[in-house]
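S.K.:
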Amino acid sequence: KAENDAGENFSTSHADTYHAVYYVEPVNQNHPVYQIGRNLIVKEPVTAAQSEPQTEQAVTEEDTGSDDEEAASQEETETVPVETEIVEPETAESETEEAETEEPEEKESEFQDGLSESEFDAALEESETENTTDAESGLTLSDVLEQAGEQDIDLIAMEDGETVSFTAVNTSTRATQDVDVTRGTAYYYADYGLGSYVTYKYTVKFGNVSATAYCVQPSKAGPGDGVYKITKLGDSKALAKVCYYGTKASGENGFFSEKHPDFSAGKQFIIVHLAASYANNSGDAFSGTNATGQALAMELYNYCMSQPEIPEVDMSFSNADVTAYISGNSQRTEEITFKASELQTITMKLPSGVRLHNVTTGKTSSAGASVEICGGTKFYLSAPLTQAVDVKGEWSVTMKGSIIKDYSAYKITTGSETQDLALVFGEGVTDEKYVDFKVSWVKQATLEIVKKDRKSNKAIAGAVYGVYSDKDGKNLITKMPATDDNGASSVTITKTQDTVYLKEISVPNGYLLDTKAYDVNLVIGGTVKQTVTDAEQMASLTVYKLGEVLTGAKVTDDGVSFVYTEQKQKGAVYNVYAASDIVSADGTVVYKKDALVKAG
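Numbered by full-length UniProt numbering, the letters in the sequence shown go through residues 1 to 600 in order.
1. What three-state label does DSSP hand residue 601 in the structure shown?
2. In terms of DSSP beta bridges, what is Cys-374 paired with?
3. Can you find the residues in the same chain that come closer than 7 Å, C-beta to C-beta, to Gly-279, ignoring five residues on each side of it along the sequence?
4. In whole angstroms, what separates the C-alpha of Asp-16 from that of Ala-276?
5. Report the rounded CA-to-CA distance for Lys-554 versus Lys-592, giving the unit in angstroms.
6. Within a Cβ cutoff of 6 Å, which residues of the same chain sit near Glu-448, ignoring the five residues on either side of it in sequence?
7. Could I get the ranges of all uninterrupted alpha helix (DSSP H) runs contained in the UniProt domain "SpaA-like prealbumin fold" (446-534), with 4 residues as the minimum, in chain order?
8. Would you mind giving the Cβ-Cβ distance between Gln-307 and Tyr-245, rounded to the nearest angstrom? I have them listed as a contact below 8 Å.
9. For the beta strand (DSSP E) that contains Thr-337, what are its first and last residues?
10. Roughly how many angstroms separate the alpha carbons of Ala-324 and Ile-310, rounded to a whole number?
11. Tell me residue 610's beta-bridge partners as DSSP assigns them.
12. In three-state terms, what does DSSP make of Phe-317?
13. Where does Ile-404 land, buried or exposed, given buried means 16+ other C-beta within 10 angstroms?
14. Can you tell me where the beta strand (DSSP E) with Phe-437 in it begins and where it stops?
15. Which partner residues does Leu-550 have in the DSSP bridge list?
16. Tell me which same chain residues have a C-beta within less than 6 Å of the C-beta of Tyr-434, skipping the five on either side of it?
17. Return the chain-ordered list of same chain residues with a C-beta closer than 8 Å to the C-beta of Tyr-468, the five sequence neighbours on each side being excluded.
18. Three-state secondary structure (DSSP) at Ala-2?
19. Under a Cβ-count criterion, where at least 16 other Cβ atoms within 10 Å of its own Cβ denotes burial, should Ser-580 be classed as buried or exposed?
20. What would DSSP say about Phe-256, mapped onto helix, strand or coil?
21. Find the nearest neighbour of Val-42 within the set His-19, Val-21, Thr-12 and Ala-20, judged by alpha-carbon distance.
22. Quick one, are the C-beta atoms of Val-371 and Ser-365 less than 8 Å apart?
23. Step through the CB atoms of chain D and report whether any lies within less than 8 Å of the CB of Lys-205.
24. On the criterion of 16 or more Cβ atoms from any shown chain inside 10 Å, does Ala-595 qualify as buried, or is it exposed?
25. Count the other CB atoms within 10 Å of the CB of Tyr-574; is the residue buried (16 or more) or exposed (fewer)?
26. For Ile-460 versus Gly-487, is the C-beta distance shorter than 8 Å?
27. Under a Cβ-count criterion, where at least 16 other Cβ atoms within 10 Å of its own Cβ denotes burial, should Tyr-303 be classed as buried or exposed?
28. Check this for me: beta carbons of Ala-445 and Ile-336, under 8 Å apart or not?
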């Protein structure tokens, strides 16, 4: 392919300078493949007599270039035919000067037509820290690249230094931005001893963003002129993992830090994209690379496949607003799950007195510690019963996720048989991700009563008391359960006032209703006990002696008759005996059958 600075294809119709790149693959497979870059200069027509010797010389040097790789780096001149506006244009020729350079496979310190190795490495490292999100519009680098594809922006066909402009729209905020995409210099991978790949640097500018993206193209015939589509690879896990774990997006302790810490940024960049091409199921992923490049790419690929899935920035709690409850001598929350990628972490700074119990690992933090929580962790918090009094009744915290980059991979396709290209970069999340968590500590107090027989002091079952906010017993807060066989009943209420009042609502058979109001001072997180009594309901026995008393007489012709009336008699003495066992309300047998209950 040969083009001039204006992007026009090679032509002999006028004087101009063209840059051409040739791909050379030796017949002998033991010899390295390479590329040849030439500057073709078409001059104005000269006479046939002047051009014949030049033609001879051009043919000679071209033959030498095919036999000897070293000769390919020498300056040579080639004559090509050129049309003229006068007689016999086919016989006229023009002189073409051709500068040819062959890239040696193993050199790492000298770069062709571009930056030095140190400059290239510095450019790569700088791109890793670039801002890729425009705060005003909310547009990200991935947004504008996708919209470039939708608007048929042909990035591959751009020349060095060429800039295209278009408008990008953030549909969610209805914000628009003018976008400039500029293609930079080509970089040849042969300088790293990894083959003959070539990459182009693209600078994308919009809003306050000026970001760099690099496309990678295997060393084979590049795609022709045309319109290419940029597709975000959202479902290619293998490619995404290579792009993530092969770069600093996964943190400082990645593949190159562990395996090849001496590799320069440029060499790392090339290896990542060789592995990415393989992960993308490209049949010619390693075309143009040597055995070293292929081995390193496969080492990286296998490493990345063994790593966890790429973390997502989203995170939440199974319950972000919990209320503690009393458990034994302390209070605790329910078990909570931190729903996030296992590589996502947050740091929870616990308040004084609070401990975090990691159910997943079985570890418990110290009170008030700062605890790192990983995605998928199940945990609960505990605190003293007096936490609401000692520290605060409620505690809330906002925590930032450790993952602040959403890594994106893109593929540029032509729909032809030429090799796909890839743009891969990490881009900042529009808004840093935060997660909120809140705990309401126990503000409850427990009331416990023990009901006893006032005389025998035995426990009474079946008594029901109410908890009132007033002494007169008009405003019921809650009704307590009936006392059990031990005379006990308890209830836990939220403390809304310091003092509450206990009054009996109903009594078991055999007892009198207790009308007394017991005032109780509540303690948050504590239990207040109150003993209450009932008096047994007693019975009285009254015996009357009835008898006839002479109250008068009647005299008739038949004689005298006396009148008697029934009246209570004085002086009679009785003893009372139990007809059967007599049992008191508390269950005690007071009198057995036939026993004397009352004498006289």
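Ideal placement from N, C-alpha and C gives every residue a C-beta, glycine not left out.
M.R.: Well, looking at it:
1. Residue 601 falls outside the range modelled here, since the chain spans only 1 to 600, and no answer is possible.
2. Note: Cys-374 sits in a beta bridge opposite Thr-345.
3. Reading off the sequence shown, one finds Ala at residue 279, where the question assumed Gly. If we look at Ala-279 and ignore the five residues flanking it on each side, its Cβ neighbours are Ala-238, Leu-239, Val-242 and Tyr-301.
4. 39 Å
5. 52 Å
6. Correct list, in chain order: Ser-490, Thr-527 and Lys-529.
7. List check, alpha helix (DSSP H) in window: nothing returned.
8. 5 Å
9. Residue range 336-340 is occupied by the beta strand (DSSP E) that includes Thr-337.
10. 35 Å
11. A query on residue 610 cannot be resolved here, the shown segment of the chain reaching from 1 to 600 and no further.
12. Under the three-state reduction of DSSP, Phe-317 is assigned to strand.
13. Burial state of Ile-404 is exposed, judged by a 10 Å Cβ sphere holding fewer than 16 other Cβ atoms.
14. 434-440
15. Tyr-564
16. Here the set comprises Thr-398 and Lys-400.
17. The answer, listed in chain order, is Lys-474, Asn-475, Leu-476, Ile-477, Val-500, Tyr-501, Leu-502, Lys-503 and Ala-517.
18. In this structure, Ala-2 counts as strand in the three-state DSSP scheme.
19. exposed
20. helix
21. For the residues His-19, Val-21, Thr-12 and Ala-20, the minimum Cα distance to Val-42 belongs to Thr-12.
22. yes
23. Here there is only one protein chain, and chain D is not present.
24. exposed
25. exposed
26. The answer is yes: Cβ separation under 8 Å.
27. Counting Cβ neighbours within 10 Å, Tyr-303 comes out buried, since at least 16 surround it.
28. no
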